[in-house]
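> Okay, here's the structure, questions in a sec.
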Ligand SMILES: Cc1cc2nc3c(=O)[nH]c(=O)nc-3n(C[C@H](O)[C@H](O)[C@H](O)COP(=O)(O)O)c2cc1C
């Protein structure tokens with residue numbers, strides 16, 4: 007687990023090879039294992055594997071050009087009918103998104119978090135493209151695929167960010 011945390015890096019180059027349905031299913035299951043405020047599990051997910059849809063998302067997202075190569079993407083959304091507090095909804099979705107990134111790393115699948123919330127234009131364009139209901143907030147898009155680039159593991163230690171007992 008600790009190795010997976012350090013090895014997770016944003017992968018933006020993908021091989022032209024589809025993911026297995028079982029892999030996508032496992033990533034979704036890991037997303038659903040995330041903690042959520044009041045255990046309300048406010049997430050909803052859209053799994054995207056159609057090439058045309060992925061290309062359309064690449065057009066919409068200004069920093070998502072890698073979606074033209076990625077064989078899959080997961081959109082992590084929050085359902086405001088399940089969690090009316092937007093702060094909690096976002097935190098639930100962030101926890102689920104991080105689980106997807108870590109699970110992908112553990113499965114040797116490359117991934118990158120593409121920000122959606124709070125960019126109104128992106129959120130609206132994605133909602134229209136994927137027919138997402140009014141009460142559902144698209145929060146994060148994760149591009150997925152077998153990596154076609156190698157990146158060194160993270161090796162962070164930033165003592166200036168740590169405050170022991172008091173600030
Ligand atoms: C909220 C959020 C939004 C991000 N949006 C993008 C994005 O739109 N495009 C992209 O290529 N990477 C995006 N990233 C990935 C960051 O650029 C990346 O995590 C950071 O540069 C650190 O690199 P690492 O993930 O390899 O450790 C996003 C990350 C977060 C947490």
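Numbering (our numbering), first residue to last: 7 to 173.
The beta carbon of each residue, even a glycine, is placed where N, CA and C say it ideally should be.
Using a Cβ-based criterion (distance less than 7 Å to any ligand heavy atom), does residue 167 qualify as near ligand 1?
Outside the cutoff, so no.
> Using a 10 Å radius around the Cβ and a threshold of 16 neighbouring Cβ atoms, would you call residue 49 buried or exposed?
Buried.
> Within 10 angstroms of its Cβ, does residue 8 collect 16 or more other Cβ (buried), or is it exposed?
Flag for residue 8 reads exposed.
> In whole angstroms, what separates the C-alpha of residue 42 from that of residue 26?
If I take the Cα positions, the gap works out to 28 Å.
> What residues match up with residue 50 in a beta bridge as DSSP calls it?
DSSP lists 83 as partners of residue 50.
> List the endpoints of the continuous beta strand (DSSP E) containing residue 145.
It spans 142-151 - the beta strand (DSSP E) in which residue 145 sits, taken as one unbroken run.
> Contact check, residue 19 vs residue 155 under 8 Å by CB: the rounded distance?
Right, the Cβ-Cβ distance comes to about 4 Å (below 8 Å), so this counts as a contact.
> Heavy atom of ligand 1 less than 7 Å from the Cβ of residue 117, yes or no?
The answer is no for residue 117.
> Give me the residue from 68, 78, 51, 40 with the minimum Cα distance to residue 58.
When each option's Cα is compared against that of residue 58, the closest is 78.
> Closest to residue 150 by C-alpha separation, out of 111, 142, 165, 62, would be which residue?
Looking at the Cα atoms, 111 is the closest of the given residues.
> Along the beta strand (DSSP E) that carries residue 70, what are the first and last residues, could you check?
That residue, residue 70, is in no beta strand (DSSP E); it is neither H nor E in DSSP.
> If you measure between the beta carbons of residue 12 and residue 160, is that distance less than 8 Å?
It is a contact, given that the beta carbons lie within the stated cut-off.
> Can residue 215 be considered in contact with ligand 1, in the sense that its beta carbon sits closer than 7 Å to one or more heavy atoms?
Since the displayed the chain opens at 7 and closes at 173, residue 215 lies outside it and no answer follows.
> Please name the residue or residues paired with residue 78 in a DSSP beta bridge.
150.
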